[in-house]
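Report on the following structure.
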């Protein structure tokens, strides 16, 4: 399914979402990650953002707002030095976060 930034607003009333996969959504970008992290800051436990080539380390950094996040799935293809540094920062702020790179 194609999901766009504008469409994410339709998810804001889903207050009990714990798992979200946007895997393979080519329209997902850093702005989308910021919106997702705002909408699900207090509920999301698992996030899969594999195969989303437009999400950079900046979008990944937006996850710092997600206090309950336990697992995030990333691609090893897009894994750069910036991604690595952002992952380290996230794990310092969110010590229970498990970042799975596949």
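Residue numbers (this note's numbering): -9 to 92.
Positions of the beta carbon are idealized from the N, C-alpha and C atoms, including for glycine.
Nearest to residue i (by Cα), restricted to the options the options
{"i": "residue 12", "options": "-8, 24 and 73", "result": "-8"}
{"i": "residue -2", "options": "64, 22 and 16", "result": "22"}
Straight-line gap, residue i to residue j (C-alpha atoms, nearest Å)
{"i": "residue 26", "j": "residue 42", "result": "14 Å"}
{"i": "residue 4", "j": "residue 31", "result": "12 Å"}
{"i": "residue 91", "j": "residue 45", "result": "14 Å"}
{"i": "residue 9", "j": "residue 40", "result": "14 Å"}
{"i": "residue 24", "j": "residue 71", "result": "21 Å"}
{"i": "residue 18", "j": "residue -4", "result": "11 Å"}
{"i": "residue 0", "j": "residue -6", "result": "11 Å"}
{"i": "residue 78", "j": "residue 51", "result": "10 Å"}
{"i": "residue 66", "j": "residue 74", "result": "10 Å"}
{"i": "residue 15", "j": "residue 28", "result": "19 Å"}
{"i": "residue 64", "j": "residue 76", "result": "12 Å"}
8 Å Cβ cutoff met for residue i and residue j
{"i": "residue 55", "j": "residue 86", "result": "no"}
{"i": "residue 34", "j": "residue 58", "result": "yes"}
Cβ-based neighbour list, residue i, same chain, cut-off 7 Å, excluding 5 preceding and 5 following
{"i": "residue 83", "result": "54"}
{"i": "residue 48", "result": "20"}
Own chain partners of residue i with C-beta closer than 8 Å, once the 5 adjacent residues on each side are dropped
{"i": "residue 81", "result": "87 and 89"}
Close-in-space but distant-in-sequence residues of the same chain around residue i (CB under 6 Å, 5 per side omitted)
{"i": "residue 37", "result": "10 and 62"}
Beta strand (DSSP E) runs wholly inside the segment 3 to 69, at least 3 long, in chain order: Runs of the beta strand (DSSP E) inside the segment 3 to 69: 9 to 11, 36 to 38 and 61 to 64.
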